[in-house]
Amino acid sequence: MRILALESSCDESAVAVLDSRTGLLAHELYSQIELHRAYGGVVPELASRDHVRRLLPLVRTALAAASTAPGDLQGVAYTAGPGLIGALLTGAALARSLAFAWGVPALGVHHLEGHLLAPLLEPDPPPFPHVALLVSGGHTLLIEVSAIGAYRLLGASRDDAAGEAFDKTAKLLGLPYPGGPQLAALARQGRAGAFSFPRPMLDRAGLEFSFSGLKTAVLQAVRGRSLSDQERADVARGVEDAIVDTLVGKSLRALEQTDRDVLVVSGGVSANRALRARLTEAVGARAARVYYPRIEFSTDNAAMIAVAGLARLQAGQHDSLAIAARAQWPLESLPSVG
Ligand code: KG4
Ligand code: ZN
20 MRILALESSC DESAVAVLDS RTGLLAHELY SQIELHRAYG GVVPELASRD
70 HVRRLLPLVR TALAAASTAP GDLQGVAYTA GPGLIGALLT GAALARSLAF
120 AWGVPALGVH HLEGHLLAPL LEPDPPPFPH VALLVSGGHT LLIEVSAIGA
170 YRLLGASRDD AAGEAFDKTA KLLGLPYPGG PQLAALARQG RAGAFSFPRP
220 MLDRAGLEFS FSGLKTAVLQ AVRGRSLSDQ ERADVARGVE DAIVDTLVGK
270 SLRALEQTDR DVLVVSGGVS ANRALRARLT EAVGARAARV YYPRIEFSTD
320 NAAMIAVAGL ARLQAGQHDS LAIAARAQWP LESLPSVG
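Each position in the sequence shown, counted from 1, maps to that position plus 19 in our numbering.
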């Protein structure tokens, strides 16, 4: 089975072609970062309008790159939620219409299921069952994954997501949007321990996270002071260390509690090099294994939507003719596959 997949849940327009026998044939992405930078964050209406402009040309480019004609496709998958509702609807409307015109089934994919399954695109994919740490701009989740479509929530953030904590503290340091990668780059010049920020909830039992206190702590450390370049880098390092420590500590605890020895880490924050280095070391030390998507599939992309879409379309799942998307969508409510 060969399918087309579209992603448009936030500020990335992306299209991919995936074949169940020959693998990923094409993946195209247009990032709206420049469009939103002047506003210091994503402006939903601008995002929707830009998806309308970008998606169809990306479909043409991806099909050409995959040497694929519409007649070669057996389905169209698209991100149906969660995300910005206007942005989601642009992708849903285009995907649903293309599938109708081509006479193939369409399927709305859960964006977080896409992130969870992104590592399946790698040459050495993670086995099931496993524990997943999903860290993105909107979510921080620990999930027990027994199979594709079988997800049990172990813990989540009570307030800000890990990516949000990176982005908000980056803003306090005067770094441009999107702050996460910028803060990580600055942290590389920082000295460990020069600034120490709280490791929220790490000392408490359970698998919940809380990151909102971190930005208050950073605000207190920087307010009314003119920091030297070195001090700004030190603050960035302190923030990154606090977030990474918390994520590593809770992930190890989740492996222990579920008695699993495979950890999967995905979502935008999984692109963070310090997190990868620390997790690889800590998980290796307890004779467990950790798997990641390649860096370009850690952040939003359509290849991951294609993986989730293909699994479900192959199992015979598809949507009605109605164009629909959901801003909120609990992962655990997804039907099982197969
Ligand atoms: O998964 P994603 O691309 O979009 C959502 O579904 O939210 O994640 C975006 C988040 C942003 O908060 C961004 O700052 C963060 O991932 N991020 C990073 C890095 N790359 C992206 N955070 C820390 N270090 C990075 N290298
Ligand atoms: Zn995402």
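In this text, a Cβ means the ideal position worked out from N, Cα and C, and glycines have one as well.
R295 carries a helical assignment under DSSP once its states are collapsed to helix, strand and coil. Relative to the ligand ZN, the beta carbon of H130 is positioned inside 7 Å of a heavy atom. Cα atoms of L153 and K269: separation of roughly 12 Å, rounded to the nearest angstrom. Non-local beta-carbon contacts of M20 in its own chain, meaning distances under 8 Å to residues more than five positions away in sequence, involve D38, S39, Q93, G94, L329, L332, Q333 in chain order. Within the region 273–339, complete alpha helix (DSSP H) segments of at least 4 residues are found at 292–304, 322–333, given in chain order. Ranking E132, A45, G60 by CA distance to the CA of I22 puts A45 first.
I167 is not bridged by DSSP to any residue. Each of S155, D319 has a C-beta closer than 5 Å to some heavy atom of the ligand ZN; these make up the full list, in chain order.
At the C-beta level, R56 and P195 come within 8 Å of one another. If you draw a straight line from the Cα of D319 to the Cα of L350, it is about 17 Å long.
Taking every protein chain shown into account, the CB of L172 has fewer than 16 other CB atoms within 10 angstroms, so this residue is exposed. Counting along the chain, I104 sits inside the alpha helix (DSSP H) bounded by residues 104–121. A straight-line Cα-Cα distance of about 18 Å links V237 and P197.
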